[in-house]
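Number of protein chains: 6
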Amino acid sequence: MLVGVPREIKDNEFRVGLTPSAVRELVAHGHKVIVQAGAGETIDLDDALYRAVGAEIVPDAAAIFGRAELVVKVKEPQPSELGMLREGQVLFTYLHLAPDRAQTEGLIKSGCVAIAYETVTDERGGLPLLAPMSEVAGRMSIQAGAHALEREAGGRGILLGGVPGVPPAKVVVLGGGVVGMNALRMALGLEADVTVLDKSLPRLKELDLAFAPALKTRYATTDAVEESVIAADLVIGAVLTPGGTAPRIVTREMVRAMRRGTV
Amino acid sequence: MLVGVPREIKDNEFRVGLTPSAVRELVAHGHKVIVQAGAGETIDLDDALYRAVGAEIVPDAAAIFGRAELVVKVKEPQPSELGMLREGQVLFTYLHLAPDRAQTEGLIKSGCVAIAYETVTDERGGLPLLAPMSEVAGRMSIQAGAHALEREAGGRGILLGGVPGVPPAKVVVLGGGVVGMNALRMALGLEADVTVLDKSLPRLKELDLAFAPALKTRYATTDAVEESVIAADLVIGAVLTPGGTAPRIVTREMVRAMRRGTV
Amino acid sequence: MLVGVPREIKDNEFRVGLTPSAVRELVAHGHKVIVQAGAGETIDLDDALYRAVGAEIVPDAAAIFGRAELVVKVKEPQPSELGMLREGQVLFTYLHLAPDRAQTEGLIKSGCVAIAYETVTDERGGLPLLAPMSEVAGRMSIQAGAHALEREAGGRGILLGGVPGVPPAKVVVLGGGVVGMNALRMALGLEADVTVLDKSLPRLKELDLAFAPALKTRYATTDAVEESVIAADLVIGAVLTPGGTAPRIVTREMVRAMRRGTV
Amino acid sequence: MLVGVPREIKDNEFRVGLTPSAVRELVAHGHKVIVQAGAGETIDLDDALYRAVGAEIVPDAAAIFGRAELVVKVKEPQPSELGMLREGQVLFTYLHLAPDRAQTEGLIKSGCVAIAYETVTDERGGLPLLAPMSEVAGRMSIQAGAHALEREAGGRGILLGGVPGVPPAKVVVLGGGVVGMNALRMALGLEADVTVLDKSLPRLKELDLAFAPALKTRYATTDAVEESVIAADLVIGAVLTPGGTAPRIVTREMVRAMRRGTV
Amino acid sequence: MLVGVPREIKDNEFRVGLTPSAVRELVAHGHKVIVQAGAGETIDLDDALYRAVGAEIVPDAAAIFGRAELVVKVKEPQPSELGMLREGQVLFTYLHLAPDRAQTEGLIKSGCVAIAYETVTDERGGLPLLAPMSEVAGRMSIQAGAHALEREAGGRGILLGGVPGVPPAKVVVLGGGVVGMNALRMALGLEADVTVLDKSLPRLKELDLAFAPALKTRYATTDAVEESVIAADLVIGAVLTPGGTAPRIVTREMVRAMRRGTV
Amino acid sequence: MLVGVPREIKDNEFRVGLTPSAVRELVAHGHKVIVQAGAGETIDLDDALYRAVGAEIVPDAAAIFGRAELVVKVKEPQPSELGMLREGQVLFTYLHLAPDRAQTEGLIKSGCVAIAYETVTDERGGLPLLAPMSEVAGRMSIQAGAHALEREAGGRGILLGGVPGVPPAKVVVLGGGVVGMNALRMALGLEADVTVLDKSLPRLKELDLAFAPALKTRYATTDAVEESVIAADLVIGAVLTPGGTAPRIVTREMVRAMRRGTV
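In the order they appear, the protein sequences are chains P, B, A, U, Z and G. Residues in the first sequence are numbered from 0 upward in steps of one, following numbering that gives the first Met the number 0. Residues in the second sequence are numbered from 0 upward in steps of one, following numbering that gives the first Met the number 0. Residues in the third sequence are numbered from 0 upward in steps of one, following numbering that gives the first Met the number 0. Residues in the fourth sequence are numbered from 0 upward in steps of one, following numbering that gives the first Met the number 0. Residues in the fifth sequence are numbered from 0 upward in steps of one, following numbering that gives the first Met the number 0. Residues in the sixth sequence are numbered from 0 upward in steps of one, following numbering that gives the first Met the number 0.
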């Protein structure tokens, strides 16, 4: 199969559809790969690296979309890309169509076969191409939360883990799925006082087995959520909402501001 | 040296001054050991076990006190024993003389050389014969506290470690010395939510290094003690008071009763 | 739906069918809840707490059974309650019908729809309403066993975890299911020397992965059980027997007594 | 003794010399404490809290410096404060005199007895009032370093702990003292691949015992430092330099920039 | 059923089809067991032990094969044994037929029902009689690898875990299945610097959860395998190949020798 | 100072007095270093590596001994080297003079200043140049012991850690010093059932704190040693005997052979 990798053109997107390692795998399995010149350069993946593993470098997106049977990208096609997609061509990328009528219509009109990363399901019903994003998001959320608690970031000047003699901050993680588990793991790693709430007792059992006694688990009744959130220094919202967004990070200061009506 | 081991006669004392293992060590180092018949029988250390390692079994306490150069016991000499002690004879046992004028005078009158286990000091200033007692006391305190929280023992029916979905009980350990560290270790082992308070920051650092993030450490200001104790389900008083007694175990129910004036 | 919560009347039952938190959830989902006056008072759940979350307090059991479409209880209906159950009314509680012909006949006669907590099965074949009982039972069994080993409780005066220089007690857990795993976890927490036996190698693998090297696993042949139990200071019987009872706790002293024929 | 607590006036200093908890301790020990109005308000320690524990609130700094026998502050005296210090009055605060000739001369001229927190030494030669600062600095350094590696902070978009399938970032901690140990602990908590270098083998042994196998220790030869730093994604400089400053946080991007001469 | 256990006759096979414990189980379930004299003697399982649990000792293999309805062995039947197998008799042992035409034809000709341990499948598709072999193989591989790195075994004189100040050896485990997980667990136990590569992200997640931060996981692209192996001091090949053999243990010296063409 | 590094000439000694890293440090501190050609080549430290860090390569030992003010070696001087040592020259190496009269007399006769690595003492009374040897010896002892238990090495075919369902081997470590602690750490790492015996209760406390509940500690009475050793599968003798040798590794088979008088 002829696989093409255009340069991403959406703002603030530095990634690329295939790394040289991935190209090498495809070539080893008998496929041919074409890569747009400069596709990986913002993350130090020079054209030479792609050439070294057998890719052909082509000058522009038009060459990719014109020739490739399969286009591998990161972000949904931008307007200029939609116009280049062809009948029968396969597009493999994140699409997030739900809120994006224009893109949806553009794809339909193009006649291409568009496969969204976020909908690929494995034999156990999992979402293998979304899970790594959730892992990253969960781990980052604590890093971001710790930063948000710093005085100069507008926080109360609280250190998640305290120091000897000063008790740690209370972190509450709402939801014990992939995002939540990765968040609580990092929060425990920073030695915070962590409670996770979830509506699934079997899930709480798994987390309890893996992380007790440092982790506290609590069944997510309305009362429990209310009490926990009000007493928390940092709340990570990690409940899966289909089509949902990144974990929510809320500090006590933000809660107070909300109550005062200043946010 | 001729070492003698009488049978303990104080109420509820089942231990014996030397086990057969200890006798074996002394004999191997060239000492002679005499043991009162039946000295160890309440804890399954039959006379035959003592004979097997080279002890001579003598029929009564009089034979021990009459012949031995060194008498090894567990508890302070009881009145009948005081009368048998002799000038120059060495007595090695727990004495706890402070509150016990009669014993003190009896010992002085006997002319014996009395060495109290609880005052033996090692080269680092430690109390090597007291430390194991403190370890046992600290570990037992949690066992006793867990029992006291059971409904049928008059407690609130709380399980120290909770179960998945139900947060653990709050255990507060006042003092992070030998007793306190052994108590908190067992409390963490039972998966309770444990906070230790101490006035020594270096000690809190050691405990923090050994037990974080499951353990919370807090510097023992009056405020901190007050807040912690009031919020606790179980408080272990493990502050060293010279000549002091066993750790205090207090449950929330007891605190309430005290406040109601019913205790 | 109109949900009713009577006060439990069986001896030594202090629990209540729904806590205020649970009532709040039901009310939030559009149900109406009636609670018998004083239903939660023995465990500090006053009527005011129920009212605050939207329950109606009714004066007696007759009002509950007379009006409720769904009755939520803890224990099986007592004779006086059986008579109040009505055709088509739903009863949700522990039943344990197997050994209780009178109750069974009373339920049939009432015409109610009785759903036993202990038979509710989840999509994985688990028993979600029994599992927390097993967790509590497993965790309590070690607490009870530790207590039974104390001298004043008639034990040998053994501390489960020993102290430095004195090896720990040997604890044998027969069965590695929910009860057994919770028991061994607490036993390891108290630093005992723990062996678990089970007839399922996959289960032993899971336990080995989670708790090695502190935990020893052994396949449960007759030989292995015999050897382990005879060498143990404390045995926890945690084999699931359908309709079975709580874990059995056996100390070495009890085994000896059984052998001497004195028990 | 009459102890006074003025409001801090140095830029960006939000702390206060004594918290209400500390005041309570002093008052309980028979001292009298005066606190400048608003001294703690930026960190939510209102005057009422101080009054509640027995402090007297005075309107301005002049009242504090005019009356107090002991002035407790956080930062070195600012020019306006230097002028208020009196002969024989004790000043207890951070001074950091080495680079600050003006302050030194001002203090000498005032005739006060100035005790610098950073020079208070305990019986073991430690610096008890600096150690908590080092703990905070060490723990914060990883938080800051993790943030610096984020793409939007100008980093390479690396997550310290990686995710399953993506190896973690390499963190190198130079120096295994208080700062270094706290830094490496947080780095391990975030699941980075951490190496610590130090010139003290006994210190490396302690760290190895506490943190192996997750932590790698390396004796700090010039070769070892060079190799480690060049291969690192994040370097924490935690070598104690008397009078030194906070830990240095260096990412690989910064190293590259230095090499390119662009920094 | 009449179960027979012949003595193993293949070179270097010291095991025996049934231990006395296993015989006891069978007898307790109503079966009769005959054991060839001396069947277990090389591993200290004397005939008396078999007799004690109810086995009948018979003098030779002919008696076993002549009488038994079910023959339980360890290794595939050797030529002399093939001739003794009978129509309808059940043979239960390891067979490994794939590369062994002669044995296959012998079994067919005998008319026996041969069940190979290595093909017995459980309800989850696992291979319960192979798994313990894999566990042993995985654990042994690190022991063997550590030995192979010793100077006198021709290695580089590297200690897997290093010592304080000397970083540990790099161990790469290819494949995170049963063999790989047991290998990496032992390698971490010896405090090596361990990376596991696998093509299954869900498997890497499980390993990451169980062993992070000490374990590094890496998705097994060709690039990743290449980089990891080249940088490793010890490589354990633990990829499951159906009908495959034991894990491969490769040290850096062997890799160099291969490159030099001297192996 | 002019420092010289001759090639080691004792049988089976592959090490070298200074690595290139060490030379670099010396040169950076203003010393001059001369290295005999080929001194490090058996462990891949080519002359070029030494030259690169500033060493001068000299052709033979005579040049080293003739010119160097300080000679740094690994092993005690061999007869040919003794003759080259000069009045006032400093020799820094392992000497182990106690059993070696000839070497002692040779050194005296040479007039050199000989400093033995094994006698260098630090400010805490430790032996910093021996400790790493003890660490290596302790860690290697378990590796060697595990190997000795393999069937083909003449052992009983026991795997230290067992596998799920098969309990681990019993390892007894006599002595909890540097050797013992490193041995027990590796034994626990391989998931054996480990007991350490020592005559120092404070040391057992440290080990208990660091390694419980997986490690069992036992005070080393004669009885305790006897019982433990007889029940062990592997015994590591790690008691420090001044001038003593490497840890002793004894398997159960060896004990049996000793008892049978065949060893």
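We put the CB at the ideal spot given by N, CA and C, even for glycine.
Evaluate residue i with the Cβ neighbour count: other Cβ atoms within 10 Å of its Cβ, from every protein chain shown; 16 or more gives buried, anything less gives exposed.
i: ASP207/B; result: buried
i: ASP59/G; result: exposed
i: LEU1/U; result: exposed
i: PRO5/B; result: buried
i: ASP232/B; result: buried
i: GLY242/B; result: Any reading at GLY242/B must be qualified, since the residue scores a pLDDT of 48, below 50, and its modelled position is unreliable; no value is offered.
i: GLU134/Z; result: buried
i: ALA36/B; result: exposed
i: THR41/P; result: exposed
i: ASN181/Z; result: buried
i: LYS108/G; result: exposed
i: ALA186/G; result: buried
i: GLU97/B; result: According to the sequence displayed, residue 97/B carries Ala and not Glu. Under this definition ALA97/B is an exposed residue.
Based on Cα-Cα distance, which residue from the options lies nearest to residue i?
i: ASP192/U; options: VAL177/U, LEU214/U, LEU203/U; result: LEU214/U
i: PRO212/P; options: VAL228/B, ARG184/B, TYR218/B; result: ARG184/B
i: HIS95/U; options: GLU68/U, VAL73/U, ARG138/U, ILE8/U; result: VAL73/U
i: LEU173/A; options: ILE107/A, ARG155/A, SER227/A; result: SER227/A
i: ALA237/A; options: GLU252/A, GLY175/A, VAL249/A, ARG251/A; result: GLY175/A
i: LYS31/G; options: VAL52/G, ALA38/G, GLU117/G, VAL171/G; result: VAL52/G
i: GLY39/P; options: ALA147/P, GLU122/P, ARG123/P, LEU17/P; result: LEU17/P
i: GLY144/A; options: VAL171/A, LEU196/A, LEU126/A, PHE64/A; result: VAL171/A
Please check the pair residue i and residue j, which I expect to be a contact at CB under 8 angstroms, by giving their CB distance rounded to whole angstroms.
i: VAL265/B; j: VAL89/B; result: Nothing about residue 265/B can be read from this structure; chain B reaches only from 0 to 262.
i: TYR49/U; j: VAL26/U; result: Actually they are not in contact, since the Cβ atoms of TYR49/U and VAL26/U sit about 10 angstroms apart, beyond 8 angstroms.
i: GLY153/G; j: GLU252/G; result: 7 angstroms
i: LEU81/A; j: GLY105/A; result: 4 angstroms
i: ARG138/B; j: LEU158/A; result: 6 angstroms
Does the distance from the CB of residue i to the CB of residue j come in under 8 angstroms?
i: PRO166/A; j: THR221/G; result: no
i: LEU189/A; j: ILE141/A; result: yes
i: GLU75/U; j: ASP99/U; result: yes
i: ALA54/U; j: VAL15/U; result: no
i: ARG150/A; j: PHE210/B; result: no
i: VAL178/U; j: ALA136/U; result: yes
i: PRO163/G; j: LEU200/A; result: yes
i: LYS198/B; j: ALA230/B; result: no
i: GLN102/Z; j: ILE8/Z; result: no
i: ALA223/P; j: SER20/A; result: yes
Worksheet item: In chain order, what residues of the stretch 1-28 of chain A put their CB closer than 9 angstroms to some CB of chain P?
Response: Residues passing the 9 angstroms Cβ filter: THR18, PRO19, SER20, ALA21, ARG23, GLU24, ALA27.
Fill in: Positions along the stretch 198-213 of chain U whose CB lies within less than 9 angstroms of some CB in chain B
Along the stretch 198-213 of chain U, going in chain order, the ones with a CB nearer than 9 angstroms to a CB of chain B are ALA209.
Worksheet entry | Under 7 angstroms (Cβ pairs) to chain G, residues found in the stretch 165-178 of chain B | Hits within the stretch: zero.
Fill in: chain G contacts made by the stretch 121-136 of chain B, where a contact means CB separation under 9 angstroms
Cβ contacts with chain G: ASP121, ARG123, GLY125, PRO127, ALA130, PRO131, GLU134.
Worksheet item: Along the stretch 92-119 of chain B, what residues have a CB closer than 8 angstroms to any CB found in chain P?
Response: So the list is empty, because no residue satisfies the distance condition.
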